[in-house]
Amino acid sequence: MGRLDGKVALISGGARGIGAAIARRFLAEGARAVVGDVLDDDGARLLAELGDGVRYVHLDVTKPADWEAAVSEAVTAFGGLSVLVNNAGIVNFGRIDEYPHEQWARIIDVNLTGVFNGIKAAAPALAKASASSIINVSSIAGLRGYESLAGYTASKFGVRGLTKAAALDLGRDGTRVNSVHPGVIQTPMTEGMTFDTGHVPLHRIGQPTEIADLAVYLAGDESSFVTGAEFVIDGGETAGTVVTPAG
Ligand code: NAP
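Using this note's numbering, the first residue of the sequence shown is number 2, and each one after it goes up by one.
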């Protein structure tokens with residue numbers, strides 16, 4: 002018996018990184034999944050790895066028509082939709098006084114409007130499932146500010162707020178909506194960046210599989226009374242600052 006037997010998930014930005022880890026874990030727990038991304042080569046590789054229980058679709062989260070097609074694929078291939086994981090996201094950097102409008106518009110479009118588009122397109126199919134769950138991947142940058150990350154921080158705070166509003170709107174339909182707030186995770190997004198984890202209680206960065214473990218809980222009926230909530234998964238980074246003893 003898998004923890005997600007009978008569930009059908011749609012995962013955006015799922016061809017690599019955290020999204021791909023979620024797809025692998027969902028499949029291992031008995032779910033079937035439609036993975037969407039703009040990285041079609043990575044998507045094809047994941048499809049070859051995971052086999053029959055997965056479909057890949059080209060999904061640019063900023064395009065409502067792509068979302069409609071992705072939801073249709075889930076319904077056609079697997080008979081319905083019970084889980085939406087809004088995982089796709091980008092990051093860009095710059096001091097706020099030097100940050101170009103184009104970068105701002107792009108990150109809000111992908112990270113925040115992309116989540117809105119996903120919820121709007123998937124909500125009718127999710128309402129038809131006997132129980133359904135939306136998992137919005139925010140960040141600890143959705144809980145507090147970070148230097149030179151104005152667009153990312155604003156978009157991830159937006160995802161947190163949108164999660165609350167959607168939880169209120171969709172609760173009557175049996176759809177739960179929660180946000181996940183990872184700290185630094187080892188993925189292509191963070192490749193080449195260096196992080197000092199001396200102040201983090203667990204003194205390390207996280208792995209995509211650790212986010213996937215949380216996603217299994219939120220996708221399944223084990224979390225049946227959980228909605229509108231925030232799940233911080235950051236090795237304790239936002240709990241406080243650890244001071245490394247001198248010497
Ligand atoms: P990742 O490896 O870059 O994966 C994100 C995926 O989303 C990529 O395949 C990316 O493709 C795709 N994507 C970008 N724009 C898209 C669009 N318009 N439509 C559909 N897909 C699009 O990053 P990750 O670390 O796994 O991140 C997954 C989520 O976790 C993101 O929302 C991120 O903000 C969040 N998160 C990550 C960390 C971390 O430390 N890694 C921490 C907190 C939160 P491209 O290569 O073309 O961009």
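Using N, Cα and C, we set each Cβ at its ideal position, and we do this for glycine too.
- Placement of the Cβ of Asn-93 at a distance of 7 Å or more from every heavy atom of the ligand NAP is found.
- Ser-149 has its CB no nearer than 7 Å to any heavy atom of the ligand NAP.
- Remark: the C-beta of Asn-88 is in contact range of the ligand NAP, defined as less than 7 Å to any heavy atom.
- Per DSSP, Leu-85 is one residue of the beta strand (DSSP E) stretching across 84–87.
- When Lys-8, Val-36, Asn-137 are compared, the shortest CA-CA separation from Ala-49 is found for Val-36.
- Looking at the DSSP output, Glu-231 bridges to Ser-180.
- The beta carbons of Gly-229 and Thr-164 sit closer together than 8 Å.
- Runs of the alpha helix (DSSP H) lying entirely within the stretch 117–192, each at least 4 residues long, are 151–171 in chain order.
- Taking C-alpha positions only, Ala-34 is separated from Ala-247 by approximately 50 Å.
- Short of 8 Å from the beta carbon of His-59, and not among the five residues preceding or following it, lie these beta carbons of its own chain, in chain order: Gly-37, Asp-38, Val-39, Asp-41, Gly-44, Asp-67.
- Beta-bridge analysis with DSSP links Ala-10 to Ala-34, Val-84.
- Contact between the stretch 150–167 and the stretch 236–244 is absent, with fewer than three C-beta pairs closer than 8 Å.
- Val-217: member of the alpha helix (DSSP H) spanning 209–220, first to last residue.
- DSSP places Val-55 in the uninterrupted beta strand (DSSP E) bounded by 55–59.
- Counted as a single uninterrupted DSSP element, the alpha helix (DSSP H) harbouring Val-72 occupies residues 65–79.
- Taken through DSSP and simplified to helix, strand or coil, Gly-15 comes out as coil.
- Glu-74 and Leu-85 have their C-alpha atoms roughly 13 Å apart.
- For Ile-109, the enclosing alpha helix (DSSP H) begins and ends at 102–109.
- Residue burial is scored here from C-beta neighbours: Thr-188 has at least 16 other C-beta atoms within 10 angstroms and is therefore classed as buried.
- Between the stretch 190–201 and the stretch 138–149 there are fewer than three C-beta pairs closer than 8 Å, too few to call the two in contact.
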